[in-house]
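To keep things clear, I will list the structure first and then write my remarks on it.
2 protein chains.
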Amino acid sequence: MTAQSLTLVSQSACFGGTVSFYRHVSSACNHEMKFSVYIPPQAKLAPVPVLYFLSGLTCTEENFMVKAGAQRFAAQYKVMLVVPDTSPRNTGIAEEEDDWTFGTGAGFYVDATQAPWNDHYKMYRYVTEELPALIAEHFPARSDRQGILGHSMGGHGALVCALRNPDRYLSVSAFAPIVAPTRSPWGQQIFTRYLGNDPSLWRNYDATELVRTHPFKHPILIDQGTTDSFLEQQLMPEVFQQACAQVGQPLTLRMQTGYDHSYYFIATFIEDHIRHHAKILREF
Amino acid sequence: MTAQSLTLVSQSACFGGTVSFYRHVSSACNHEMKFSVYIPPQAKLAPVPVLYFLSGLTCTEENFMVKAGAQRFAAQYKVMLVVPDTSPRNTGIAEEEDDWTFGTGAGFYVDATQAPWNDHYKMYRYVTEELPALIAEHFPARSDRQGILGHSMGGHGALVCALRNPDRYLSVSAFAPIVAPTRSPWGQQIFTRYLGNDPSLWRNYDATELVRTHPFKHPILIDQGTTDSFLEQQLMPEVFQQACAQVGQPLTLRMQTGYDHSYYFIATFIEDHIRHHAKILREF
Numbered sequence: 192m193t194a195q196s197l198t199l200v201s202q203s204a205c206f207g208g209t210v211s212f213y214r215h216v217s218s219a220c221n222h223e224m225k226f227s228v229y230i231p232p233q234a235k236l237a238p239v240p241v242l243y244f245l246s247g248l249t250c251t252e253e254n255f256m257v258k259a260g261a262q263r264f265a266a267q268y269k270v271m272l273v274v275p276d277t278s279p280r281n282t283g284i285a286e287e288e289d290d291w292t293f294g295t296g297a298g299f300y301v302d303a304t305q306a307p308w309n310d311h312y313k314m315y316r317y318v319t320e321e322l323p324a325l326i327a328e329h330f331p332a333r334s335d336r337q338g339i340l341g342h343s344m345g346g347h348g349a350l351v352c353a354l355r356n357p358d359r360y361l362s363v364s365a366f367a368p369i370v371a372p373t374r375s376p377w378g379q380q381i382f383t384r385y386l387g388n389d390p391s392l393w394r395n396y397d398a399t400e401l402v403r404t405h406p407f408k409h410p411i412l413i414d415q416g417t418t419d420s421f422l423e424q425q426l427m428p429e430v431f432q433q434a435c436a437q438v439g440q441p442l443t444l445r446m447q448t449g450y451d452h453s454y455y456f457i458a459t460f461i462e463d464h465i466r467h468h469a470k471i472l473r474e475f
Numbered sequence: 192m193t194a195q196s197l198t199l200v201s202q203s204a205c206f207g208g209t210v211s212f213y214r215h216v217s218s219a220c221n222h223e224m225k226f227s228v229y230i231p232p233q234a235k236l237a238p239v240p241v242l243y244f245l246s247g248l249t250c251t252e253e254n255f256m257v258k259a260g261a262q263r264f265a266a267q268y269k270v271m272l273v274v275p276d277t278s279p280r281n282t283g284i285a286e287e288e289d290d291w292t293f294g295t296g297a298g299f300y301v302d303a304t305q306a307p308w309n310d311h312y313k314m315y316r317y318v319t320e321e322l323p324a325l326i327a328e329h330f331p332a333r334s335d336r337q338g339i340l341g342h343s344m345g346g347h348g349a350l351v352c353a354l355r356n357p358d359r360y361l362s363v364s365a366f367a368p369i370v371a372p373t374r375s376p377w378g379q380q381i382f383t384r385y386l387g388n389d390p391s392l393w394r395n396y397d398a399t400e401l402v403r404t405h406p407f408k409h410p411i412l413i414d415q416g417t418t419d420s421f422l423e424q425q426l427m428p429e430v431f432q433q434a435c436a437q438v439g440q441p442l443t444l445r446m447q448t449g450y451d452h453s454y455y456f457i458a459t460f461i462e463d464h465i466r467h468h469a470k471i472l473r474e475f
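Heads up: the protein sequence lines correspond to chains A and B, in order. First residue of the first sequence? That's 192 in the working numbering, and the numbers climb one at a time after it. First residue of the second sequence? That's 192 in the working numbering, and the numbers climb one at a time after it.
Written out as structure tokens, the structure reads:
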């Protein structure tokens with residue numbers, strides 16, 4: 192296997208470590224992709240566990256790094272943070288910019304099977320295979336100690352990636368995740384266009400469906416704001432909670448009174464999430 | 192005095208308190224102005240000290256609130272945060288958008304005396320008089336416990352506001368401030384256009400000049416990254432350090448190895464700054 196090349200776009204010191212932004216040619220997406228990495232100071236001495244953060248609709252690889260205040264706790268709990276962009280961009284697909292819930296900034300962490308999206312929109316493979324291999328190759332990462340978390344569309348992505356690959360991700364958590372996309376308006380519209388008309392083919396990307404047959408060893412942590420404007424129609428955490436209860440999947444669902452869907456919500460509870468992951472990743 | 196009206200633009204829960212964005216008609220600037228406020232949870236019980244943060248070039252009232260991670264410590268140390276925009280916007284002045292270091296996003300916290308800027312660019316009066324009065328009127332703020340800090344252009348602003356009004360601001364600190372604008376290319380260009388050609392009229396807006404004749408009771412805290420690309424030509428902290436030493440002004444200047452001019456730098460050290468202010472504001 193030849194080394195894949197990364198291009199460093201920018202780098203800043205942060206909490207004794209470094210925040211770096213990279214671009215590279217992705218084989219999964221057959222296109223340029225971007226991601227950011229926070230390397231905590233302890234990684235100078237020995238490889239550290241890795242936490243992948245999957246962002247929500249319209250986000251890039253920058254939002255979480257600049258808004259969540261996560262580096263403070265990544266440094267404290269000695270974990271690396273990796274944040275991929277939410278889709279390929281400027282692929283030349285005519286409709287990619289038409290809808291903020293689809294195409295650019297809205298890859299939904301699936302491998303598209305429908306034209307024209309199936310040429311480039313392979314975010315599931317990118318996130319679960321190509322990116323971890325790249326991180327293992329280029330950074331002081333413990334590939335046997337990986338966790339994943341995300342927000343909204345990225346919360347859906349994190350739950351799906353973890354449930355389908357419990358050997359690859361030891362810990363999972365989410366902020367305001369889309370937990371049942373096959374039942375939500377966003378999910379139905381998006382899955383039809385990326386995956387086709389047959390809903391049975393969507394189930395592999397629906398956390399509520401997956402959890403019934405894919406037990407996850409460690410408890411799942413979810414925070415959800417009660418004044419989140421997407422809560423009732425798109426997010427439906429109670430549906431996931433019910434499925435977890437039915438199969439005995441440990442879940443901590445925290446309904447946070449008065450919190451909305453913004454990064455102010457994420458910043459408030461990010462410490463708890465990083466601690467949740469670090470505890471599992473270090474004790475495993 | 193009639194109550195000035197504020198329009199709430201948006202509000203989010205954050206660390207048990209609220210981040211709110213407001214717009215209002217400013218009498219100082221004779222134009223609409225915007226600011227953001229973080230109210231910590233303790234303010235529900237009793238008024239709290241207030242910390243004003245003045246932002247750098249190109250910033251709005253949002254950057255600090257969303258990027259610095261300051262609310263965590265404002266809640267912990269029980270202080271309110273107030274962040275004004277960096278200039279009036281859309282005033283109709285033809286050249287206001289031409290230069291990122293002047294006009295829109297670059298009010299430099301001075302009261303302009305030169306046309307056409309003197310119609311609206313009265314940021315010094317806005318920040319030191321109108322905004323504190325507005326905060327006192329509308330929020331649970333202790334107006335007798337105010338501190339001020341800022342970044343870059345806003346670090347200059349914070350030092351100038353505090354040195355000229357030590358009765359109004361009990362504590363001051365800065366990240367990568369422009370400490371000697373009358374000697375820096377940015378300051379010289381900007382002051383000529385806002386204040387006119389006579390450099391003697393610029394001294395009231397130059398922290399290094401002011402500190403020689405305006406002692407500040409409590410120590411001044413400054414953090415400066417060593418790889419900041421503006422360090423040598425525009426910032427020159429050693430010039431301020433020398434002036435402080437000459438007059439016996441207590442100053443803690445921390446040169447932070449490897450840090451740049453970004454919010455990753457600010458986020459890393461914001462806890463120290465809020466603690467610095469809270470200690471003075473609570474013990475005074």
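Glycine included, C-beta positions come from ideal geometry on N, C-alpha and C.
Phenylalanine 456(A) CB to nearest chain B CB: under 8 Å? For phenylalanine 456(A), at least one C-beta of chain B is nearer than 8 Å to its own C-beta.
Going along chain A in order, which residues have a C-beta closer than 9 Å to the C-beta of tyrosine 450(B)? Ser203, Ala204 and Cys205
Using the beta-carbon of each residue, which ones in chain B are nearer than 8 Å to glycine 260(A)? Gly260, Arg263 and Ala458
My guess is that glycine 207(A) and proline 232(A) are in contact by the Cβ rule of under 8 Å, so how many angstroms apart are they, rounded? Indeed, because the Cβ distance is near 4 Å, the residues count as touching under 8 Å.
Cβ shell of aspartate 419(A) (< 6 Å), same chain only, five flanking positions each side left out: Ala367, Asp451 and His452
When the Cα atoms are used, what is the spatial distance from isoleucine 369(A) to threonine 209(B)? 25 Å
Buried or exposed for glutamate 474(B), please, with buried defined as at least 16 other CB atoms from any protein chain shown within 10 angstroms of its CB. exposed
Keeping to the same chain, check which residues put their C-beta closer than 8 Å to that of threonine 193(A); ignore five residues upstream and five downstream. Low confidence applies to threonine 193(A): its pLDDT is 49, below 50, so where it sits in the model is not reliable enough to give any reading.
Within this structure, are the beta carbons of phenylalanine 255(A) and valine 274(A) separated by less than 8 Å? Going by C-beta atoms, phenylalanine 255(A) is nearer than 8 Å to valine 274(A).
Taking the alpha-carbon positions, what's the glutamine 415(A) to alanine 297(A) distance? 21 Å
Name the two residues that bound the continuous alpha helix (DSSP H) containing arginine 473(B). 454-474
Chain B contact residues for serine 453(A), given Cβ-Cβ distances below 8 Å: Within 8 Å Cβ-Cβ: Ser203.
Kindly list, in the order they appear in chain A, the residues whose Cβ is closer than 7 Å to that of valine 257(B). Residues of chain A passing the Cβ test: Lys258 and Tyr454.
At a CB distance below 9 Å, what residues from the stretch 210-229 of chain A approach chain B? Give them in sequence order. Val210
Three-state secondary structure (DSSP) of isoleucine 230(B): It is a strand residue.
From tyrosine 268(A) to glutamine 305(B), what distance separates their C-alpha atoms? If I take the Cα positions, the gap works out to 54 Å.
Quick one: what does DSSP say glycine 247(A) is sitting in, helix, strand or coil? coil
Hey, how far is the Cα of phenylalanine 456(A) from the Cα of phenylalanine 212(B)? 16 Å
Only counting the same chain, and skipping five residues up and downstream in sequence, which positions put a Cβ closer than 6 Å to that of phenylalanine 264(B)? Glu462 and Ile465
With a threshold of 16 other CB atoms inside 10 Å of the CB of threonine 295(A), please say whether the residue is buried or exposed. buried
Distance CB(alanine 303(A))-CB(valine 351(A)) smaller than 8 Å: no
Apart from the five residues just before and just after proline 238(A), which ones in its own chain have a Cβ nearer than 7 Å to its Cβ? Pro331, Ala332 and Arg333
Roughly how many angstroms separate the alpha carbons of proline 410(B) and phenylalanine 244(B), rounded to a whole number? 18 Å
Does DSSP put threonine 282(B) in a helix, a strand or coil? Three-state DSSP puts threonine 282(B) in coil, outside helix and strand.
Is methionine 427(B) helix, strand or coil when you go by DSSP? The answer is coil: DSSP assigns methionine 427(B) none of H, G, I, E or B.
Looking only at its own chain, which residues have a Cβ that is under 6 Å from the Cβ of methionine 314(B), when we skip the five neighbours before and after it? Gly298 and Tyr300
Quick check: is the beta carbon of threonine 198(B) nearer than 8 Å to any beta carbon in chain A? no
CA-CA distance, leucine 197(A) and isoleucine 326(A)? 10 Å
What does the alpha-carbon distance come out to for the pair proline 428(A) and leucine 444(B)? 49 Å
I believe tryptophan 393(B) touches threonine 292(B) by the beta-carbon criterion, under 8 Å. Please report the beta-carbon distance rounded to the nearest angstrom. Rounded, the Cβ-Cβ distance is 16 Å, inconsistent with contact.
Start and end residues, alpha helix (DSSP H) containing threonine 304(B): Threonine 304(B) -> no alpha helix (DSSP H), and no H or E assigned at all.
Please classify serine 201(B): is it buried, with 16 or more other beta-carbons within 10 angstroms of its beta-carbon, or exposed? By the neighbour-count rule (16 or more Cβ atoms within 10 Å), serine 201(B) is not buried but exposed.
For glutamine 337(B), does the count of other Cβ atoms within 10 angstroms reach 16, so buried, or fall short, so exposed? buried
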